[in-house]
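If you're matching positions, the sequence shown starts at 1053 in the working numbering and goes up one per residue. The beta-carbon is built from N, C-alpha and C at its ideal position, and this holds for glycine as well. Computed from a prediction, not measured in an experiment: that's the story for all the values here. I have placed the structure first, in the form of structure tokens, so that the comments after it can refer back to it.
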Amino acid sequence: MLHELSTAVSIVETVTRVAEANNVKKILEINVEIGQFTFINPEQLRFLFEIAAEKTPLKNSTLNILIVPGKIHCNDCGYSGDVISEEDQKKAHLLPLVGFTAKCPKCNSGNTEIIGGRELNIKNIKAEVDDGN
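Structure follows, in structure tokens:
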């Protein structure tokens, strides 16, 4: 949960800086992409985001989260692509607890490299701007 807390605080701080620099009076939505291999629990992140945003221009804004699937490359068979099934992706935040290893779904080799799914990007925000009137 500390991982989610530091991420929530970081999102709030970053968006607040951008809002202040652009005369934004209220943030309506924040859209973020989070890689599966960040192992961030989206529900915990949303909850902690609400707390972190309490006394900021982000209060009552919506945090939209898109999970970016993990991708691997297998050095043995050459497979490149998704590392786990779509069903397992829904439980990705639990993987560190069960000793996750990035095994190739094609040949079951552990000789793999992570090539995607570590992202944590604020894609865009929707805001009301103070036009000075």
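Going by other Cβ atoms of all chains shown within 10 Å of its Cβ, with 16 needed for buried, is residue i buried or exposed?
i       : result
THR1059 : buried
LEU1054 : exposed
SER1062 : exposed
CYS1129 : exposed
ASN1173 : exposed
GLU1081 : exposed
VAL1181 : exposed
Do residue j and residue i have their beta-carbon atoms positioned less than 9 Å apart in this structure?
i       : j       : result
LYS1111 : ILE1166 : no
THR1108 : VAL1064 : yes
PRO1121 : GLY1162 : no
LEU1118 : GLU1085 : yes
VAL1135 : ALA1154 : yes
Got a sec, what are the start and stop residues for the beta strand (DSSP E) residue i sits in?
i       : result
SER1113 : First-last for SER1113: undefined, no H or E at that position.
ALA1105 : It is not in any beta strand (DSSP E) - ALA1105 carries neither H nor E in the DSSP assignment.
VAL1076 : 1076-1087
GLU1165 : 1164-1168
Who does residue i pair with in a DSSP beta bridge?
i       : result
GLU1065 : DSSP, once it has assigned bridges, lists no residue as partnering GLU1065.
LEU1057 : DSSP lists no partner for LEU1057.
VAL1135 : Note: VAL1135 sits in no beta bridge, so no partner.
GLU1180 : LYS1078
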